[in-house]
Amino acid sequence: MEEATLEKLEEEYILDIKWEKGIAYFAVKRFIDLFLSILGIIILSPIMLITAIAIKIDSKGPVFFSQQRVGKDGKLFKMYKFRSMVVDAEKLKEKLMDKNEMSGPMFKMTNDPRITRVGKLIRKTSVDELPQLFNVIKGDMSLVGPRPNLPKEVEQFSKYHKLKLLAKLGLTCYWQVMGGTVLVLRNG
0 MEEATLEKLE
10 EEYILDIKWE
20 KGIAYFAVKR
30 FIDLFLSILG
40 IIILSPIMLI
50 TAIAIKIDSK
60 GPVFFSQQRV
70 GKDGKLFKMY
80 KFRSMVVDAE
90 KLKEKLMDKN
100 EMSGPMFKMT
110 NDPRITRVGK
120 LIRKTSVDEL
130 PQLFNVIKGD
140 MSLVGPRPNL
150 PKEVEQFSKY
160 HKLKLLAKLG
170 LTCYWQVMGG
180 TVLVLRNG
């Protein structure tokens, strides 16, 4: 570590730690991401196959869902997931906006009718996230890093929250491991 400074950004204190990472660090991190992602796909392929079959039996539409997300340095990429909602979920969302339990760009609703039966299970167990191992192999994401957000969410980020775009975003991160899927954006 070279330098650490404390500064106030939008009424929140953050510790700015500058750490020079050499090419070897990034090469090792990429190797670990690739190795563990490929191993994960091999080991988890029976679960992924069962999930795909269950999705096809449970509801009409494709097995996979892709969505534009904002990655490192603000670049857009397609993030893959197992489909956990009905096909016309975005159209139905417009009719349900008055039931939104979140403020800002995020939409969350208890007993969301757009979520399929299989979708409830794969979301609860995070199996819906497994196709993101392919995003890691493609280089869009890392195994560990801040979670990728939707473009409309990033538009409302404060300067502090935009700092996360300096890192390669990940399949999992500290807040997800420690707090599940609850995230509050303060001052942003």
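In terms of numbering that gives the first Met the number 0, the sequence shown is residues 0 to 187. Glycine residues also receive a C-beta, built at the ideal position from the N, C-alpha and C atoms.
Taking DSSP's pairing of strands, which residues face arginine 68 in a bridge?
Along the sequence shown, one-based indexing puts residue 68 at 69. Paired residues: Phe76.
First and last residue of the alpha helix (DSSP H) that includes threonine 50?
One-based indexing of the sequence shown puts residue 50 at position 51. First-last of the alpha helix (DSSP H) with threonine 50: 22 to 57.
Taking its Cβ as the centre, do 16 or more other Cβ atoms sit within 10 Å of leucine 168, making it buried, or is it exposed?
Here residue 168 corresponds to residue number 169 of the sequence shown, with the count starting at 1. Buried.
Skipping 5 residues on each side, what residues in its chain have a beta carbon closer than 6 Å to that of aspartate 32?
Position 33 of the sequence shown holds residue 32. The residues are Val135, Ser141 and Leu142.
Find out if the Cβ-Cβ distance for the pair glycine 144, alanine 166 is shorter than 9 Å.
What you label residue 144 is simply residue 145 of the sequence shown in a count that begins at 1. What you label residue 166 is simply residue 167 of the sequence shown in a count that begins at 1. One thing to note: glycine 144 has its Cβ within 9 Å of the Cβ of alanine 166.
State the beta-bridge partners of threonine 171 as determined by DSSP.
By one-based count along the sequence shown, residue 171 stands at place 172. DSSP lists Val143 as partners of threonine 171.
Across the segment 38 to 56 and the segment 66 to 76, are there enough close Cβ pairs to call them in contact, namely three or more that are closer than 8 Å?
Result no; under three Cβ-Cβ pairs closer than 8 Å.
Is the CB-CB distance between arginine 194 and alanine 88 below 9 Å?
As displayed, the chain neither begins before 0 nor continues past 187, which places residue 194 out of reach and without an answer.
Within 10 angstroms of its Cβ, does leucine 132 collect 16 or more other Cβ (buried), or is it exposed?
Within the sequence shown, the letter at position 133 stands for residue 132. The Cβ neighbour count for leucine 132, taken over all protein chains shown within 10 Å, is at least 16; the residue is labelled buried.
Per DSSP, what kind of secondary structure is asparagine 110 in: helix, strand or coil?
As a working note, residue 110 is residue 111 in the sequence shown. Assignment of asparagine 110 by DSSP, reduced to helix, strand and coil, places it in the coil class.
Extent of the continuous alpha helix (DSSP H) run through arginine 82:
Counted from its first residue, the sequence shown places residue 82 at position 83. Element bounds for arginine 82: n/a, residue is neither H nor E.
Once the 5 residues before and after lysine 71 are set aside, which same chain residues still bring their CB inside 8 Å of it?
Within the sequence shown, residue 71 is the residue found at index 72, counting from 1. Once the five neighbours on either side are set aside, the close Cβ partners of lysine 71 are Leu164, Leu165, Ala166, Lys167 and Leu168.
Span of the alpha helix (DSSP H) holding lysine 123?
For the purposes of this step, residue 123 is taken as residue 124 along the sequence shown, with counting starting at 1. For lysine 123, the uninterrupted alpha helix (DSSP H) run begins and ends at 116 to 123, by DSSP.
So, with DSSP's three-state summary, where would you put phenylalanine 133?
Here the question's residue 133 lines up with position 134 in the sequence shown. Helix, per DSSP.
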